[in-house]
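The sequence shown runs contiguously to residue 862 in the working numbering. So the structure is just underneath, and the comments pick up after that.
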Amino acid sequence: MLYHLLFPLSSDLNFLNVFRYITFRSIGATVTALAIVVLLGPWFIATMKRLQVGQVVRDDGPASHLAKQGVPTMGGMLIIAAIVIGTLLWARLDNLWVWLGLFITIFYGGIGFIDDSRKIRKKNSKGLSARGKLVLQIVGASLVGVAIFIHPGFDGHLSFPFFKNLRPDLGWFYVVFAVLVIVGSSNAVNLTDGLDGLATGPTVVCAAVYLVFAYLAGHVVLSEYLQLPYVAGSGELAVFCGTIVGACLGFLWFNAYPAQMFMGDVGALSLGGALGAIAIIIKQEFLLVIVGGIFVMEALSVIMQVGYFKLTNGKRIFLMAPFHHHFEKKGWHEPKVVVRFWIVSILLALFAIATLKLR
Ligand code: 57M
Numbered sequence: 504m505l506y507h508l509l510f511p512l513s514s515d516l517n518f519l520n521v522f523r524y525i526t527f528r529s530i531g532a533t534v535t536a537l538a539i540v541v542l543l544g545p546w547f548i549a550t551m552k553r554l555q556v557g558q559v560v561r562d563d564g565p566a567s568h569l570a571k572q573g574v575p576t577m578g579g580m581l582i583i584a585a586i587v588i589g590t591l592l593w594a595r596l597d598n599l600w601v602w603l604g605l606f607i608t609i610f611y612g613g614i615g616f617i618d619d620s621r622k623i624r625k626k627n628s629k630g631l632s633a634r635g636k637l638v639l640q641i642v643g644a645s646l647v648g649v650a651i652f653i654h655p656g657f658d659g660h661l662s663f664p665f666f667k668n669l670r671p672d673l674g675w676f677y678v679v680f681a682v683l684v685i686v687g688s689s690n691a692v693n694l695t696d697g698l699d700g701l702a703t704g705p706t707v708v709c710a711a712v713y714l715v716f717a718y719l720a721g722h723v724v725l726s727e728y729l730q731l732p733y734v735a736g737s738g739e740l741a742v743f744c745g746t747i748v749g750a751c752l753g754f755l756w757f758n759a760y761p762a763q764m765f766m767g768d769v770g771a772l773s774l775g776g777a778l779g780a781i782a783i784i785i786k787q788e789f790l791l792v793i794v795g796g797i798f799v800m801e802a803l804s805v806i807m808q809v810g811y812f813k814l815t816n817g818k819r820i821f822l823m824a825p826f827h828h829h830f831e832k833k834g835w836h837e838p839k840v841v842v843r844f845w846i847v848s849i850l851l852a853l854f855a856i857a858t859l860k861l862r
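Okay, here's the thing in structure tokens:
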């Protein structure tokens, strides 16, 4: 909005020219989203406490988690508000990619909202059924996939880190692929969100890396130089990524151990969906496996554990899945598990950035 309001005045007021630059607006968006969450956080926590929107903790998990019963949850609503306000303020609003990012964030946030509120309102309710959740996630992701597919600039070629000349064309199957990436990413972040700051930290790292890649993918010269697929207009997604970085950093202020609030499914599903959609739009889907490696490992640990459990009639690979619980059960203190996972996440991000020069 600021771009549309202020940039046209730059012929008279030269300094307003700065609103032309994606870099400047991305920084503005990051700081705005961070400020919204940090400033409104105490009010939000107090309101959630007053409304008794507290976490219902399962009693079959690590014993230390029982103390988390009643911690205010659904902080994802604050994250989404910061992302939406930050994006509307700082991004160009004539950009389809920005609207798709906002759409998936709000749509998946809505799914999480229904799920969370059911769990909180009715004790012993498991929220939305797994199937119901999945169907809604597929509907939302399909709308994004179809919007990309019918866009005049659609290119169904995949791109891979390291193998820059390998570019198979998926054609219409790209829509199915988009659904797999968005739904998978959303659920993987959701599974990871089980310790204070565990999902928030790697989400900041992922969004920061995608901020850089979105900027490059939307830049004719730089994308060509780095042999990245050029996606016209995708640079604006850097602004959207900035709001995710800012909102999650702000949230971490309260979500760091010992957490004063959790994000709930409303936060985890929407952030994961947004990361998946960004990866699809800028055609860096496989990069998400590297930069979001923590989410991938968490999801794999569940698949392996459940598969092995069924095959062997009750034997386990990990002491408990998702595998952050495994380390807790081994006696690691919660912040130690979280910070070590962050370290791995940062290393993976550096590796992801290195793929720009490795081919
Ligand atoms: C949700 N939710 C947390 C919070 C957060 C298939 C199966 C493996 C699914 C999995 C599952 O349900 N995962 C998704 C994980 C929950 O957090 C809430 O949920 C939101 C995210 N969706 O924002 O609102 C609990 O996580 C802790 N937490 C923190 N700090 C945070 O910042 O400490 C969350 C955020 C909170 C809090 O304790 O209550 C969750 O873990 O429930 N299921 C599981 O994860 C279960 N695993 C399991 O059953 N494993 C089995 C195998 C055979 C499937 C096994 O290994 O034996 C565990 N979850 C829990 N207890 N709570 C098992 C025990």
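Beta carbons are placed, not taken as given, at the ideal position from N, Cα and C, and that holds for glycine.
Legend entry - Assigned exposure category for M764 - 16 Cβ within 10 Å defines buried: Here residue 764 refers to the residue found at position 261 of the sequence shown. Buried is the call here.
Inset, instruction - Indicate whether the contact test is met: 3 or more Cβ pairs, each with one atom in the stretch 723-731 and one in the stretch 750-757, closer than 8 Å. - result: no
Inset, instruction - Identify which residue in F821, I793, G795 and V794 has its Cα closest to the Cα of I863. - result: Coverage of the chain is limited to positions 504 through 862, which leaves residue 863 absent and any answer about it impossible.
Inset, instruction - Could you name the residues of the same chain whose beta carbon sits closer than 6 Å to that of F663, not counting the 5 residues immediately before and after it, in chain order? - result: For the purposes of this step, residue 663 is taken as the residue at position 160 of the sequence shown. These residues qualify, in order along the chain: L669 and F789.
Inset, instruction - Quick one: give me the first and last residue of the alpha helix (DSSP H) that S662 is part of. - result: As a first step, residue 662 must be located in the sequence shown, where it is residue number 159. Element bounds for S662: n/a, residue is neither H nor E.
Legend entry - Cβ-heavy atom distance, T608 to the ligand 57M, below 7 Å: Counting from one through the sequence shown, the residue named residue 608 turns up at place 105. Not so, every heavy atom of the ligand 57M lies at least 7 Å from the Cβ.
Legend entry - Euclidean distance between Cα positions of V841 and L509: Within the sequence shown, residue 841 is the residue found at index 338, counting from 1. Within the sequence shown, residue 509 is the residue found at index 6, counting from 1. Their backbone Cα atoms lie some 42 Å apart in a straight line.
Inset, instruction - With a threshold of 7 Å, establish whether the CB of T812 neighbours any heavy atom of the ligand 57M. - result: Numbered from its first residue, the sequence shown carries residue 812 at position 309. Correcting the residue identity first, residue 812 is Phe in this sequence and not Thr. Correct: F812 has its Cβ closer than 7 Å to the ligand 57M.
Legend entry - the stretch 738-745 contacting the stretch 553-562, beta-carbon criterion three pairs below 8 Å: no
Inset, instruction - Can you grab the Cα-Cα spacing for the pair V587 / L605, in whole Å? - result: The count along the sequence shown starts at 1 and reaches residue 587 at position 84. The count along the sequence shown starts at 1 and reaches residue 605 at position 102. Going by the C-alpha atoms only, they are around 7 Å apart.
Legend entry - Inter-stretch contact at 8 Å, needing at least 3 Cβ pairs: the stretch 828-843 / the stretch 638-649: no
Legend entry - Cut-off 6 Å between Cβ atoms - residues of its own chain near Y811, not counting five sequence neighbours on either side: Residue mapping note: residue 811 aligns to position 308 of the sequence shown, counting from 1. Hits under 6 Å: I820.
Legend entry - Pairwise C-alpha distance: G697 and K571: Against the sequence shown, residue 571 aligns to sequence position 68. Against the sequence shown, residue 697 aligns to sequence position 194. Each residue's Cα considered, the two are about 11 Å apart.
Inset, instruction - Give a yes or no on contact between the stretch 778-785 and the stretch 681-690, applying the rule of three or more CB pairs nearer than 8 Å. - result: yes
Legend entry - Neighbour flag for A857 against chain D, beta carbons, 8 Å: Going by chain labels, chain D is absent from the structure shown, which holds only one protein chain.
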